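*Asks:* Per the working numbering, the very first residue in the sequence shown carries number 3; after that it's consecutive.
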Amino acid sequence: MRKEVSRGKLIDCPPGSQTAPPQHRTQVPAAQGSHPPRRRHPRPIYATATAALKSHFCSGRSRRMRRFEFRQRCQQPGETVAHFVSALRELAKLCDFGTLEDGLIVNQLIEKTSSNQLRERLLLESDSMTLADALVIGKQLESALAEAHRFARAADPPVTSSSPTYNQHCAPDAEFCITKGGANIMGLDLFLALG
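1) Where does Arg155 fall in DSSP's three states?
2) I'd like the span of the alpha helix (DSSP H) that includes Gly105, first residue to last.
3) If Arg75 and Lys114 are in contact, beta carbons under 8 Å, what's the gap, nearest whole angstrom?
4) Output the distance between the C-alpha atoms of Glu144 and Asp129, rounded to the nearest integer angstrom.
5) Does the distance from the CB of Ile107 to the CB of Leu133 come in under 9 Å?
6) Applying the criterion that 16 or more other CB atoms from any shown protein chain within 10 Å of the CB defines a buried residue, is Gln77 buried or exposed?
7) Going straight from the alpha carbon of Gly105 to that of Pro79, what length do you get?
8) Give the secondary structure of Phe99 by DSSP, where H, G and I count as helix, E and B as strand, and everything else as coil.
9) Measuring alpha carbon to alpha carbon, tell me which residue in Tyr48, Lys141, Glu149 is nearest Glu81.
10) By the DSSP assignment, the alpha helix (DSSP H) with Ser74 in it spans what residues?
11) Excluding the 5 residues preceding and the 5 following Gln119 in the sequence, name in chain order all residues of the same chain whose CB lies nearer than 8 Å to its CB.
12) So what's Pro79 in DSSP terms, helix, strand or just coil?
13) Whole angstroms are fine: how far does the CA of Glu92 sit from the CA of Ala84?
14) Check the C-beta distance from Ala94 over to Glu103 and give it rounded, since I have them as a contact under 8 Å.
15) With distances taken Cα to Cα, identify the nearest neighbour of Asp98 among Met67, Tyr48, Ala156.
16) For Glu144, name the three-state secondary structure that DSSP assigns.
17) Along the chain, where does the alpha helix (DSSP H) containing Glu127 start, and where does it finish?
18) Can you grab the Cα-Cα spacing for the pair Leu96 / Ile112, in whole Å?
19) Would you identify the three-state DSSP class for Ser57, choosing helix, strand or coil?
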């Protein structure tokens with residue numbers, strides 16, 4: 003007869019009975035309703051379980067649907083090139099493009115960017131351009147356009163009225179002079195301004 007521990011008491015087990023192997027036997031406290039301590043499962047079981055759950059809950063969308071979503075993604079107004087490329091990367095991860103992923107992201111950047119200047123600039127590059135190269139070009143173009151916009155705002159005088167006004171301070175030989183935004187206008191511009 004073997005002796006086993008059950009709920010804090012020593013019991014006799016007849017030979018050949020179905021008992022737990024020695025490595026799984028634990029001393030269980032005698033407290034009523036208590037359970038044996040839980041064993042931690044090895045990491046591969048966790049990874050297998052999470053992979054099974056992901057495949058079950060993510061299986062509603064086919065690879066074709068995810069690729070369609072990738073190809074439909076456009077750069078949103080006010081979205082930087084870096085954010086757009088980051089969003090494309092996230093979508094591409096789900097598409098299973100493999101080694102073609104970076105090239106397809108560059109193609110999508112060229113096709114769906116909101117900046118015509120960036121599109122033209124990237125189309126002028128050689129076929130060996132990488133995604134990192136395209137991202138650098140995009141960031142440089144964005145910063146250059148932002149600087150140009152900032153300088154243009156600083157150089158423009160504030161406009162008080164957009165309608166043409168008659169100015170008494172024109173050249174002495176002119177009968178009258180019309181200005182718009184602080185500049186004298188003449189010829190076809192004058193005709194268009196008077197409507």
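A virtual CB, placed ideally from N, CA and C, is assigned to each residue, including glycine.
Computed from a predicted structure; not experimentally measured.
*Replies:* Result, derived from the coordinates:
1) Note: Arg155 maps to helix in three-state DSSP.
2) Looking at the DSSP string, the run of the alpha helix (DSSP H) that includes Gly105 is 103-114.
3) Contact between Arg75 and Lys114 holds, with the beta-carbon distance rounding to 6 Å and staying under 8 Å.
4) Linking Glu144 to Asp129 through their CA atoms gives a straight-line distance of about 22 Å.
5) Yes.
6) So Gln77 counts as buried.
7) Straight-line spacing of the CA atoms in Gly105 and Pro79 works out to 24 Å.
8) Coil, per DSSP.
9) If we check each option's Cα against that of Glu81, Lys141 comes out closest.
10) Strictly speaking, residue 74 in this sequence is Gln, with Ser absent from that position. Segment 65-74, the alpha helix (DSSP H) holding Gln74.
11) Excluding sequence positions up to five before and after Gln119, its CB lies within less than 8 Å of the CB of Leu143, Leu147, all in the same chain and listed in chain order.
12) For Pro79, the three-state secondary structure derived from DSSP is coil.
13) Rounded to whole angstroms, the gap between the alpha carbons of Ala84 and Glu92 is 12 Å.
14) That belief holds up - the Cβ atoms of Ala94 and Glu103 are roughly 5 Å apart, short of 8 Å.
15) Of the candidates Met67, Tyr48, Ala156, the one whose C-alpha sits nearest the C-alpha of Asp98 is Met67.
16) Three-state DSSP puts Glu144 in a helix.
17) From DSSP, Glu127 is part of no alpha helix (DSSP H); its letter is neither H nor E.
18) When only Cα atoms are considered, Leu96 and Ile112 end up about 21 Å apart.
19) For Ser57, the secondary structure class from DSSP, reduced to helix, strand or coil, is helix.
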